[in-house]
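Just so we're aligned: the sequence shown equals residues 49 to 402 in this note's numbering.
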Amino acid sequence: MTHAPERAVARIDLGAIERNCARLRSRLKGRTELCAVVKADGYGHGAVWAARAALAGGATWLAVATAAEAEDLRRHGVSERLLVMGALTREDQRTAREARADMVAWTPEVKGERLHVKLDTGMGRLGTKDFDAAVRLAQSDSVVGLMTHFATADEPGDDLFARQLERFREFVAAVGRDDVLVHAANSAATLRDPAAHFDMVRCGIAIYGMDPFGDDPARSDLEPALSLTSYVAAVKRFQPGESAGYGRRWRASEPTWIAAVPIGYGDGWRRALTNNCDVLIGGRRHPLAGTVSMDNVTVDLGSDTGVTVGDEVVLIGRQGGDRILAEEVARRLGTINYEVACALTPRVRRLHVR
Ligand SMILES: Cc1ncc(COP(=O)(O)O)c(C=O)c1O
């Protein structure tokens, strides 16, 4: 692929987001709705772009974590139903109301015309654990939804998931209303168990084509939407004993070529990837050599002298016959794909393509 060299670009394939949503929709019963979770700037993909692509792919709801995120979507003309899932101060509630967003409530202190009562069935985070109080709260006319959130949906074989599901079913039955929207599933639960779908599923990671189980997204028929590229800014010959980067954490053991690539932890390419990940250049895998600095990394090209200044460097994505998934980078870091995508800073240009 020809390309103009650019220091750090996240290319977002909006068609992939659209297709991922369409595939998720096709797993749902006819009347079950898909809510696309676009918090944290659409998991680093650009919230407004991601929202529009998700809606084109069949999502009918959007969810964010904060009132400011809801306000931002409205400012950009997004008019669909919108749920703010996070905790809200009184000021946040006013912002959310002005944005005509639904809010999650687990105490009577949340005031709004469209509330979703959240029972904490085992996540142990937001929501009330008080079953009876939640049932009482849910009788209000302003309540339009009932929800919970799973703690271990991404850990097949655990037993908490089934217990949470059962507890939530009891809650829905005790409330006894058929005019409310019932929802529980995140991406993992959506893929794992149709019994968790209810009236709506709230999918984040899967709509971006990342695997909630940390595996290959293709296994769940998902396409990664994000690729991350930079370029070769310099190629230099190194002799045995010479080092690259701060602290001399890599030294040449034999004559080799080193490429300097202008992307670093200031872009979200984490310092813990020092001597600990591969990139693709000229269609081949090469390891990082030396400390990740704020603005640059160095790559050991070995004897691959075909590499020249200006060549594209793929940090996440495909090149030639190989690919690097966000899941691979996450494994190297001992974290999850969510964090790899969210870590990309605003300095990385987002290029939205179809
Ligand atoms: C309450 C709630 N529902 C749904 C989601 C979407 O989760 P996922 O990205 O795993 O699909 C999140 C995200 O963490 C969440 O906090």
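Positions of the beta carbon are idealized from the N, C-alpha and C atoms, including for glycine. Quantities reported herein were computed from a predicted structural model and do not represent experimental measurements.
Counting only the same chain and skipping the five closest in sequence on each side, list residues whose C-beta sits under 6 Å from that of residue i.
i: Ala182; result: Val165, Leu167, Thr176
i: Gln212; result: Thr169, Gly170, Phe198
i: Thr238; result: Val249, Cys251
i: Gly134; result: Ala113, Thr114
Measuring CA to CA, which of the options is closest to residue i?
i: Arg73; options: Ile255, Asn324, Val362; result: Ile255
i: Arg318; options: His334, Glu117, Ala232, Gly338; result: Gly338
i: Gly350; options: Met151, Leu336, Asn385, Ile384; result: Leu336
i: Arg380; options: Gly368, Tyr386, Ala149, Leu321; result: Leu321
i: Val357; options: Gln367, Gly330, Arg366, Arg371; result: Gly330
i: Glu66; options: Cys83, Gly78, Arg55; result: Cys83
i: Ile60; options: Gly369, Arg100, Glu376; result: Arg100
i: Gln187; options: Cys69, Arg225, Ala210; result: Arg225
i: Val158; options: Asp180, Ala233, Val191, Ser301; result: Val191
i: Asn68; options: Leu270, Gly314, Asn324; result: Leu270
i: Arg267; options: Ala236, Arg285, Pro288, Tyr294; result: Ala236
At which residues does the alpha helix (DSSP H) containing residue i begin and terminate?
i: Leu72; result: 62-74
i: Lys87; result: 87-91
i: Asp180; result: 179-185
i: Ser235; result: 235-240
i: Ala210; result: 208-223
When DSSP labels each residue in this structure, what does residue i get in the three-state scheme?
i: Ile255; result: helix
i: Met49; result: Note that Met49 has pLDDT 47, beneath the 50 cutoff, so the model's placement of it is unreliable and the number below is only indicative. Met49: coil per DSSP, three-state reduction.
i: Cys390; result: helix
i: Gly350; result: strand
i: Gly172; result: coil
i: Pro409; result: Missing from the structure shown is residue 409; the chain here goes from 49 to 402 and no further.
i: Asp120; result: helix
i: Ile384; result: coil
i: Arg398; result: strand
i: Asp96; result: Before going further, note that residue 96 is Val rather than Asp in the sequence given. Helix at Val96.
i: Glu54; result: coil
i: Gly295; result: helix
i: Val132; result: strand
i: Asp150; result: strand
i: Ala107; result: coil
i: Val377; result: helix
Within a Cβ cutoff of 8 Å, which residues of the same chain sit near residue i, ignoring the five residues on either side of it in sequence?
i: Val309; result: Ser278, Tyr279, Val280, Ala281, Val327, Asn344, Val345, Thr346, Val347, Val361
i: Arg75; result: Thr238, Leu239, Pro242
i: Pro204; result: Arg240, Phe261
Using a threshold of 7 Å, is the CB atom of residue i nearer than that to any non-hydrogen atom of ligand 3?
i: Pro260; result: Annotation note on ligand 3: not contained in the displayed structure, which lists ligand 1 as its ligands.
Over what stretch of residues does the beta strand (DSSP E) that includes residue i continue unbroken?
i: Val158; result: Looking at the DSSP string, Val158 is not in any beta strand (DSSP E), and its letter there is neither H nor E.
i: Glu360; result: 360-367
i: Thr277; result: 274-279
i: Asp370; result: 370-372
i: Arg285; result: 282-286
i: Ile306; result: 304-309
I'd like to know if residue i contacts chain D, where contact means its C-beta is closer than 8 Å to some C-beta of that chain.
i: Ala144; result: Looking for chain D here will not work: only one protein chain is present.
Among the residues of its own chain, which have a CB less than 7 Å from the CB of residue i, if the five just before and after it don't count?
i: Ala222; result: Val183
i: Gly94; result: Ile60, Arg398, His400
i: Glu81; result: Thr108, Trp109, Asp247, Met248
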